[in-house]
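Reading through the structure tokens given below for one structure.
Next comes the structure, spelled out in structure tokens:
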């Protein structure tokens with residue numbers, strides 16, 4: 073790990089005015105300090121001028137292929153897209169992009185007695201144990217989401233951590249594709265999930281994420297979710313299922329989300 077990363081870091085402080093309506097009952101997360109290894113997990117901004125290494129941006133040829141957008145809709149799907157072609161099973165379904173850390177699970181290097189998973193991760197030649205807690209109702213949530221949507225895991229975490237965690241979490245193969253930090257765009261000190269690079273019609277693409285900074289390019293595609301750390305009584309994912317049941321039938325997610333927000 074680079075010495076510049078071995079420093080206390082925090083998530084970007086993004087202030088967003090709350091909206092009224094069904095979806096907005098999920099408050100946007102507040103920033104908090106993280107330990108030195110947190111750079112493995114989530115979208116971070118370094119303190120004291122330290123810079124995290126940016127992921128690669130699309131090549132000029134890929135950027136050219138991604139052009140031709142109108143009113144937020146990707147007109148031409150292209151070979152430079154982050155996602156493969158839609159399978160026959162998912163044809164016609166809305167694409168649901170789902171975050172990992174503090175949305176579906178919470179991970180820590182500190183031992184947790186009731187951890188659901190313990191995942192070994194190598195850092196600078198040394199193996200460390202990552203203790204992972206599953207959010208309440210995550211299994212039911214993923215199972216139903218897999219029936220309703222083309223589900224894509226998109227995390228700003230490093231693959232060497234997030235991939236084995238997802239192997240254990242997604243036993244039934246709900247996620248058709250997994251995207252990690254290198255698929256993000258480094259923007260203003262944070263790793264952003266640029267939905268326009270997916271190769272899907274943005275009118276039929278949703279993102280579920282606890283961090284507004286992650287979807288700052290496409291806030292109107294977002295279903296916000298409260299950050300989760302260890303609350304055993306949390307029912308956020310269960311409560312969101314009726315929202316996604318309704319959204320799964322939408323011809324245009326922008327119009328449907330506006331209705332849910334009470335616009």
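Numbering (the numbering used here), first residue to last: 73 to 335.
Where is the CB? At the ideal position from N, CA and C, for every residue including glycine.
### Message
I need the straight-line Cα distance from residue 329 to residue 253, nearest angstrom please.
### Response
Using only the alpha carbons, I get a separation of about 27 Å.
### Beta bridge counterpart(s) of residue 199 as assigned by DSSP
194, per the DSSP bridge assignment.
### Task
Could you tell me the distance, in whole angstroms, from the CA atom of residue 295 to the CA atom of residue 264?
16 Å
### Task
Would you mind sorting residue 244 into buried or exposed? The rule is 16 or more other CB atoms within 10 Å of its CB.
exposed
### Task
Could you tell me the boundaries of the alpha helix (DSSP H) in which residue 330 lies?
325-332
### Rounded separation between residue 321 and residue 187 - CA only
36 Å
### Query
Near residue 200, which residues of its chain fall below 8 Å by C-beta distance, leaving aside the five closest residues on each side in sequence?
109, 181, 192, 193 and 194
### Query
What distance in whole Å lies between the Cβ atoms of residue 173 and residue 227, which are believed to be in contact at a cut-off of 8 Å?
Taking C-beta atoms under 8 Å as the contact rule, residue 227 and residue 173 qualify, at a distance of about 7 Å.
### Limits of the beta strand (DSSP E) - the one that residue 296 falls within
294-296
### Query
For residue 264, which three-state DSSP category applies?
strand
### Residue closest to residue 223, alpha-carbon to alpha-carbon, out of 272, 311, 290 and 256
272
### Query
In the DSSP assignment, what residue or residues form a beta bridge with residue 206?
177
### Query
Going by alpha carbons, who is nearest to residue 234 out of 185, 221, 158 and 177?
177
### Task
Select from 281, 255, 278 and 204 the residue whose C-alpha is nearest the C-alpha of residue 302.
204
### Message
Suppose only complete runs of 3+ residues qualify. What are the beta strand (DSSP E) ranges in the segment 214-279, listed by chain order?
### Response
222-226, 247-251, 257-259 and 262-264
### Message
Cutting at 6 Å between CB atoms, please list the residues of its own chain near residue 206, excluding the five before and the five after it.
### Response
If we look at residue 206 and ignore the five residues flanking it on each side, its Cβ neighbours are 177 and 188.
### Task
Assign residue 315 to one of three DSSP states: helix, strand, or coil.
DSSP places residue 315 within a helical segment (H, G or I) once states are collapsed to three.
### Query
What's the call for residue 292, buried or exposed, on a 16-neighbour Cβ count within 10 Å?
exposed
### Task
Please list, in chain order, all residues of the same chain as residue 290 whose beta carbon is under 6 Å from its beta carbon, the five residues on each side excluded.
267
### Residues of its chain near residue 317, where Cβ-Cβ distance is below 6 Å and the 5 sequence neighbours each way are ignored
Cβ-Cβ distances below 6 Å link residue 317 to nothing in the same chain once the five nearest sequence neighbours on each side are left out.
### Message
Within a Cβ cutoff of 7 Å, which residues of the same chain sit near residue 282, ignoring the five residues on either side of it in sequence?
### Response
Only 101, 171, 174, 175, 297, 298 and 299 meet the Cβ criterion.
#### Entry: Cut-off 8 Å between Cβ atoms - residues of its own chain near residue 210, not counting five sequence neighbours on either side
Cβ neighbours of residue 210 beyond the five flanking positions: 176, 177, 241 and 309.
#### Entry: Straight-line Cα distance separating residue 185 from residue 334
43 Å
### Message
Rounded to the nearest angstrom, what separates residue 156 and residue 270 at their Cα positions?
### Response
9 Å
### Message
Using the Cβ count rule (16 or more neighbours within 10 Å means buried), how would you classify residue 375?
### Response
In the structure as shown, the chain starts at 73 and stops at 335, and residue 375 therefore has no counterpart that could be examined.
### Query
What is the rounded straight-line gap between the Cα of residue 250 and the Cα of residue 311?
25 Å
### Query
In its own chain, which residues sit with a C-beta less than 7 Å from the C-beta of residue 306, not counting the 5 before and 5 after it?
Cβ within range, chain order: 207, 208 and 300.
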